[in-house]
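So the sequence shown is numbered by numbering that gives the first Met the number 0: it starts at 0 and just counts up by one.
Even for Gly, the Cβ is constructed at its ideal location relative to N, Cα and C.
Keep in mind it's a predicted model, so treat the numbers as computed, not measured.
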Amino acid sequence: MILNALEGKPLPVYGDGMQVRDWLYVEDHARALWLVLQRGRASETYNIGGMNEKPNIEIVKTICTLLGQKSPRPDGQPYESQISYVADRPGHDRRYAIDCTKINREFGWKPQESFATGIAKTVDWYLKNAPGC
């Protein structure tokens, strides 16, 4: 979405965008994986979640707002004007849920980043590292 927005391309959102997903900053995910590698028990399963369930459309609008603040479009239009709603996938789940209580209980792990700080860091990374930015 970030690259599409910066390149002036449509931001396709399935259906009404109300599919709920759990969002986790990549470095928090990596820290959890490392913790499981170091302290996890063989043959055990550890779910890693962000405890940040949000509808997809909220994520896209947050990205648009952050980009508008950090790198406004040359034409002055809001990035949200690039959102396009597309046909939903057949059988598309409305919600994916992750129960990460086990990794929290056994190792005391929880995300270090909130959704707001993680998505801001993600946008900043793309602005710094994406070609042409």
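Item checked: Cut-off 8 Å between Cβ atoms - residues of its own chain near ALA4, not counting five sequence neighbours on either side -> Working through the sequence shown from its first residue, we reach residue 4 at position 5. Result list for ALA4: LEU10, ILE62, CYS63, LEU66, TYR78 and GLN81, in chain order.
Notebook entry, point to check: Mind checking whether ILE47 and TRP22 have CB atoms under 8 Å apart?
Noted result: Walking along the sequence shown from the start, residue 47 turns up at place 48. Walking along the sequence shown from the start, residue 22 turns up at place 23. No; because the gap between Cβ atoms is not below 8 Å, this pair is not in contact.
Notebook entry, point to check: How should GLY107 be labelled, buried or exposed, when 16 other C-beta atoms within 10 angstroms of its C-beta is the threshold for buried?
Noted result: Reading the sequence shown from its first residue, position 108 is the one you call residue 107. So GLY107 counts as exposed.
Check: Who are LEU10's beta bridge partners in DSSP?
Finding: Along the sequence shown, one-based indexing puts residue 10 at 11. For LEU10, which the question treats as bridged, DSSP gives the partners ILE82.
Checklist line | Where the beta strand (DSSP E) containing ARG20 begins and where it ends | finding: Working through the sequence shown from its first residue, we reach residue 20 at position 21. Segment 19 to 21, the beta strand (DSSP E) holding ARG20.
Checklist line | Beta-carbon gap between GLY16 and ASN55 smaller than 8 Å | finding: Taking the first residue of the sequence shown as position 1, residue 16 is located at position 17. Taking the first residue of the sequence shown as position 1, residue 55 is located at position 56. Contact: yes.
Notebook entry, point to check: Across which residues does DSSP place LEU94 in a beta bridge pair?
Noted result: Counting from one through the sequence shown, the residue named residue 94 turns up at place 95. Residue identity differs from the one stated: residue 94 is Arg in this sequence, not Leu. Answer is VAL19.
Next item on the list: List the whole-angstrom C-beta distance separating VAL12 from VAL85, where the pair is believed to meet the contact cut-off of C-beta under 8 Å.
Entry: Here residue 12 corresponds to residue number 13 of the sequence shown, with the count starting at 1. Here residue 85 corresponds to residue number 86 of the sequence shown, with the count starting at 1. That belief holds up - the Cβ atoms of VAL12 and VAL85 are roughly 7 Å apart, short of 8 Å.
Notebook entry, point to check: GLY7 to TRP124, Cα distance in whole Å?
Noted result: Working through the sequence shown from its first residue, we reach residue 7 at position 8. Working through the sequence shown from its first residue, we reach residue 124 at position 125. The alpha-carbon atoms of GLY7 and TRP124 are separated by roughly 18 Å.
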